[in-house]
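Below: one structure, written as structure tokens.
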Amino acid sequence: MSELTREQAQALIEEVLEVYPEKAKKDRAKHLMVNDKTIEQSKKCITSNRKSVPGVMTQRGCAYAGSKGVVWGPIKDIIDISHGPVGCGAYSRGGRRNYYAGTSGVDSFCDINFTSDFQEKDIVFGGDKKLAKLIDELEGLFPLSKGISVQSECPVGLIGDDIEAVAKKKQAEIGKVIVPVRCEGFRGVSQSLGHHIANDAVRDWIISNRDDKAFESTPYDVAILGDYNIGGDAWASRILLEEMGLRVVAQWSGDGTLAEMENTPKVKLNLLHCYRSMNYIARHMEEKYAIPWLEYNFFGPTKIAESLRDIASHFDDKIKEGAERVIAKYTPAMNAIIAKYKPRLQGKKVMLYVGGLRPRHTIGAYEDLGMEVIGAGYEFAHNDDYDRTMKEMKDATLIYDDVTGYEFEEFVRQLKPDLIGSGIKEKYAFHKMGVPFRQLHSWDYSGPYHGFDGFAVFARDMDMTVNNPCWGMLKAPWLKEEESTGELKAA
Amino acid sequence: MANIMVRKSADGGLSFYLPKRDIEDSITSIEFDTPEKWGGEIRLGNGGVYFIDPIPAPARLPISVRARRVDGVE
């Protein structure tokens, strides 16, 4: 489909909104916009971080998901207790593919579900005793864990358990860091508040633990915050930083350890990949320890080169030369990849709908491949994310906040993109519609996508998806004729 | 009253951050900006107006202070 004009795009939004009742329509209209590069501040034209309209199909998660799943879960030597009924932990276990190096159940605990499994009596009489007992059991079974975090599920907040008291008492007893996190799912409108709560817990219980301990530092110490090592992302990023002469002290929530986090206040620069989920702690460290922070983007060679130079500008000439050396070293390989895939992907249109960062971060990578992003939106972004997005997107493209299942399908039906990048909840609907789809939360069981090495995988995956002949053979079950033949069964 | 953080932005100006509501904006004007007296009424790029009780100028930014919203949308 050819490019839309501003009027056409606006008409499309209005047409899609037509089915809603008056009140819902008014509310949803504030969350959809046509991009206008001249606008500096997104709040004038898009509303974000607001409660979803009841009755629509939202893709959002909860505060517990943001805290346990995103920030705390990937720290490998901390045991995260899902404190409450068994389901929250069981259904959020291991779906995110944040890799770690270690032995599961011995010194790493990312992919194990620990839960206090609340029963009726725990709701009636409180779960504090059970939590204390659970911590003792954990200590006996997994002595090599470095710390424990208590991730509250909804009932804990509702019945008013005092998990802080238990944590303090047990911390004194067993001598390990025990962090109570008040991330009950009912808090806030999406997982975004969970990130904030988790960051605050890190600030209160971890970050200052080693303030008075000696640390052998170098002038080139950095920490990677907010890279979740999905399919090995953080490793692909780390080697670039090390190659240019920096020393990566901590990887935080992506193959990170408690000791790394405690040492982070000693670094010279905090590197922030996922701004949405980790900016809180970076701001805190900037105020308390005077560590500057920097947002960077390791998707696609153009943005990587830009980011490497940006990072190097905070250091001396040795690092600046290092950055140029790294860029020069990988440029021929990147050019070869672009030469291979660009002809196959040139001009293809992409629509994105991911969490709080990737809709803007991956735009550069798609553009390197000659693809064009015609729509982008976030599940749980705030206005500052949209400020940043509007600069990246072309004029008259669609921007949608907390898009509903219906709206998204309708946009896709009308705009006919060649590729959709979104999450697992949208995946199968679009598969059935026969639209090429990549899961951009966990890279569809592939990865890494960060760094120069990651771009090679990214380009291959996009080509593999867009140019796959299977899509034309699919017909949605609801479009199938009565007398459909057996060969369509696979759809 | 709300806790806000004032930091130096990349372009050299001041920026305003309200963690509780996740509002980030540029500070267009600040009433007092001398070594002895710093704060007072601050005006934001989005039209908001906040009041910080004047204090001696902070040794370094960012700094977290209590502020009162005087005017403008949140």
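Chains as they are written, first to last, in this note's numbering: chain A, 1 to 491; chain B, 492 to 565.
Even for Gly, the Cβ is constructed at its ideal location relative to N, Cα and C.
Nearest to residue i by CA position, among the options, is which residue?
i              : options                        : result
residue 324(A) : 338(A), 337(A), 306(A), 335(A) : 306(A)
residue 371(A) : 300(A), 69(A), 475(A), 52(A)   : 300(A)
residue 426(A) : 353(A), 193(A), 395(A)         : 353(A)
residue 179(A) : 161(A), 173(A), 158(A), 201(A) : 201(A)
residue 385(A) : 116(A), 274(A), 190(A)         : 274(A)
residue 42(A)  : 249(A), 443(A), 418(A), 401(A) : 401(A)
residue 236(A) : 317(A), 469(A), 459(A), 452(A) : 452(A)
residue 288(A) : 225(A), 265(A), 329(A), 422(A) : 265(A)
residue 537(B) : 15(A), 40(A), 326(A)           : 40(A)
residue 167(A) : 81(A), 228(A), 199(A)          : 81(A)
residue 429(A) : 415(A), 444(A), 408(A)         : 408(A)
residue 196(A) : 541(B), 502(B), 511(B), 530(B) : 511(B)
residue 58(A)  : 226(A), 406(A), 335(A)         : 406(A)
residue 356(A) : 436(A), 308(A), 462(A), 70(A)  : 70(A)
Determine, for residue i, whether the minimum Cβ-Cβ distance to residues of chain B falls below 9 Å.
i              : result
residue 60(A)  : no
residue 41(A)  : yes
residue 384(A) : yes
residue 24(A)  : no
residue 311(A) : no
residue 210(A) : no
residue 290(A) : yes
residue 450(A) : no
residue 286(A) : yes
residue 431(A) : no
residue 10(A)  : no
residue 49(A)  : yes
residue 494(A) : Because chain A is modelled from 1 through 491, residue 494(A) falls outside the range shown and cannot be assessed.
residue 1(A)   : Note that residue 1(A) scores 48 on pLDDT, short of 50, meaning its location in the model is unreliable; the coordinates nonetheless yield the value given after this. Output row for residue 1(A): interface = no.
residue 93(A)  : no
residue 491(A) : Its pLDDT being 49, under 50, residue 491(A) is placed unreliably in this model, and the value from its coordinates should be taken loosely. Residue 491(A) does not count as touching chain B.
residue 280(A) : yes
Would you mind reading off the limits of the beta strand (DSSP E) that contains residue i?
i              : result
residue 376(A) : 372–378
residue 522(B) : 514–524
residue 8(A)   : First-last for residue 8(A): 6–17, but that is the alpha helix (DSSP H), not the beta strand (DSSP E).
residue 82(A)  : 78–83
residue 511(B) : No beta strand (DSSP E) contains residue 511(B), which DSSP labels as neither H nor E.
residue 180(A) : 177–181
residue 541(B) : 540–546
Could you tell me the alpha carbon to alpha carbon distance between residue i and residue j, rounded to whole angstroms?
i              : j              : result
residue 548(B) : residue 494(B) : 18 Å
residue 96(A)  : residue 519(B) : 42 Å
residue 114(A) : residue 556(B) : 40 Å
residue 1(A)   : residue 345(A) : In this prediction, residue 1(A) scores a pLDDT of 48, lower than 50, which makes its location untrustworthy; the coordinate-derived value is nonetheless stated afterwards. Going by the C-alpha atoms only, they are around 15 Å apart.
residue 479(A) : residue 293(A) : 51 Å
residue 160(A) : residue 263(A) : 34 Å
residue 376(A) : residue 187(A) : 26 Å
residue 30(A)  : residue 340(A) : 42 Å
residue 347(A) : residue 60(A)  : 31 Å
residue 141(A) : residue 110(A) : 16 Å
residue 270(A) : residue 279(A) : 10 Å
residue 481(A) : residue 432(A) : 15 Å
residue 223(A) : residue 9(A)   : 42 Å
residue 498(A) : residue 563(B) : A question about residue 498(A) goes unanswered here, because the residues of chain A that appear run from 1 up to 491.
residue 491(A) : residue 458(A) : Low confidence applies to residue 491(A): its pLDDT is 49, below 50, so where it sits in the model is not reliable, and the reading given next is rough at best. Residue 491(A) and residue 458(A): Cα-Cα distance of roughly 26 Å.
residue 380(A) : residue 297(A) : 19 Å
residue 15(A)  : residue 87(A)  : 39 Å
Is residue i near residue j, with beta carbons less than 9 Å apart?
i              : j              : result
residue 382(A) : residue 513(B) : yes
residue 149(A) : residue 78(A)  : yes
residue 362(A) : residue 419(A) : no
residue 174(A) : residue 261(A) : no
residue 193(A) : residue 66(A)  : yes
residue 52(A)  : residue 404(A) : yes
residue 397(A) : residue 374(A) : yes
residue 358(A) : residue 454(A) : no
residue 226(A) : residue 63(A)  : no
So, does the CB of residue i fall closer than 9 Å to a CB anywhere in chain A?
i              : result
residue 494(B) : no
residue 555(B) : yes
residue 509(B) : no
residue 562(B) : no
residue 551(B) : yes
residue 498(B) : yes
residue 514(B) : yes
residue 531(B) : no
residue 503(B) : no
For the alpha helix (DSSP H) that contains residue i, what are its first and last residues?
i              : result
residue 95(A)  : Residue 95(A) -> no alpha helix (DSSP H), and no H or E assigned at all.
residue 500(A) : The question about residue 500(A) has no answer, for chain A in this structure spans 1 to 491.
residue 322(A) : 317–345
residue 279(A) : 275–289
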